[in-house]
Amino acid sequence: MQSASLIPHEQIQAIILGYWQARSLALATSLGVADHLADGPLTVDELASRTQTNASALFRLLRALESIGIFSQSSPQVFVNTPTSDCLRRDVPGAQWPTVLHNLGRGYGPVEGWDELEYSVRTGKRSIDKTYGYDFWELCRRNPQVNVAVNETMRSLSEAMTPVITAAYDWSKFPVIEDVGGGIGTQIVSILDANPSCRGILFDQPHVVAGAIVHDRLKTLSGSFFEAVPDGADATLMRWVLHDWSDTEATEILKTVRRSMKPSARLILVEFVLSDGAGFDFGKWTDLQMLVMFGGLERTKLEYRDLLVAAGFELEEEISTPTPVNLLIARPV
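Residues in the sequence shown are numbered from 430 upward in steps of one, following the numbering used here.
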């Protein structure tokens, strides 16, 4: 978000600078500089040797990053980690390296998608297929490194949002809660830990649930939500699922879920719900990420209501949270 205090040409310059900073951060993360500094200071020559880079050019990269709080010189040309660069290490809780590589690293998908943003804007289609010849989920299946990065990115995002979502709703009224497209199970496990009377079902693709969290009240199943989802649950949770898909695909997914649901069950969607105003909205930027990556989109409350109606649901309630996402509660009709 740009500062309102900047005059117009400064705002444009700040956006351009942000791109340079993002590219520099991505490279330093890919090189593992923060990991090399985990045990203490190193000279630029030592870092260059360990990262197989040119010492002079590496110094210029780290000096620029130092100016925004990422790395610091303890003495001339001797670098140490800062609290910010420590977040890029692979051995710390809540590490941000997967998020950086997933969103900014070459070969991970999003960068290639954004490189072809013009294609998406002209055609309305996801652009990642133009680069790879197949969709992002196939890229994950073919490249374990990409799959690890996206799963760890979701885990990192979940650390902030998961407890908020767990606390935002009374899950205890549902004996069995099914998490469709739930990744490795971070959210459903949080809900189960907070609600000892509940049991859970985690449903996602086989290569995703292969890394699922183990919990004594959680059953893990795999398959495609375009074909069928496990039935019999009292509540079906879908967090950050529908925004990956177009309206046509999202309606198909919801219809599949609807067929599995008991009349008394509830559907709980966790999504960015776009504001109608012209101000900054993080979801309006993830909306473009969804376009280039998946051909999907973020939606307003009205758009979600219409989507649910088309699939046989009625939107009952929207619950706001302190995070960028809200809960949408729907019942089958």
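Backbone N, C-alpha and C fix where the C-beta goes; we use that ideal spot for every residue, glycine too.
All figures in this text were calculated on a predicted structure; none of them were measured in a lab.
Counting only runs that start and end inside the stretch 606 to 634, the alpha helix (DSSP H) elements of at least 4 residues fall at 615 to 623.
Rounded to whole angstroms, the gap between the alpha carbons of GLN440 and GLY447 is 11 Å. By the Cβ neighbour-count rule, VAL643 is exposed, with fewer than 16 other Cβ atoms within 10 Å of its own. SER459 and GLY534 do touch by the CB rule: their CB atoms are close to 6 Å apart, below 8 Å. Counting C-beta atoms within 10 angstroms of its own C-beta, GLN442 has fewer than 16 neighbours from the protein chains shown and is therefore classed as exposed. Assignment of beta strand (DSSP E) within the stretch 669 to 754, counting only whole runs of 3 or more residues, yields 695 to 701, 742 to 748 in chain order.
Per DSSP, GLN442 is one residue of the alpha helix (DSSP H) stretching across 437 to 460.
In the assembly as shown, ILE436 is an exposed residue. Its beta-carbon has fewer than 16 other beta-carbons within 10 Å.
Beta-bridge annotation (DSSP): MET667 is paired with LEU698.
Annotated as proximal: PHE742 and ARG687, with beta-carbon spacing under 8 Å. Secondary structure of LYS602 (DSSP, three-state): helix. For LEU490, the uninterrupted alpha helix (DSSP H) run begins and ends at 484 to 495, by DSSP. Where LYS559 is concerned, the enclosing alpha helix (DSSP H) starts and stops at 557 to 561. Taking LEU647 as the centre and dropping the five residues before and after it, the same chain places the C-beta of GLY614, ILE617, VAL618, LEU621, GLY629, LEU631 closer than 7 Å to its C-beta, in chain order. With at least 16 other beta carbons inside 10 angstroms of its own, GLN525 counts as buried.
In the DSSP assignment, PHE508 forms a beta bridge with LEU471, GLN502. Of ASP520, GLU678, THR750, SER503, the smallest CA-CA separation from PHE655 is found for GLU678. DSSP places LEU530 in the uninterrupted alpha helix (DSSP H) bounded by 526 to 533. Secondary structure note for LEU517: it is in no alpha helix (DSSP H), with a DSSP letter that is neither H nor E. Per the coordinates, the alpha-carbon of TYR733 lies some 23 Å from the alpha-carbon of THR552. Where SER651 is concerned, the enclosing beta strand (DSSP E) starts and stops at 647 to 651. In terms of Cα proximity to VAL605, the closest of ASP663, THR560, ALA657 is ASP663.
As a beta-bridge residue in DSSP terms, ARG760 pairs with GLU743. Ranking LEU757, GLU607, VAL702 by CA distance to the CA of PRO659 puts GLU607 first.
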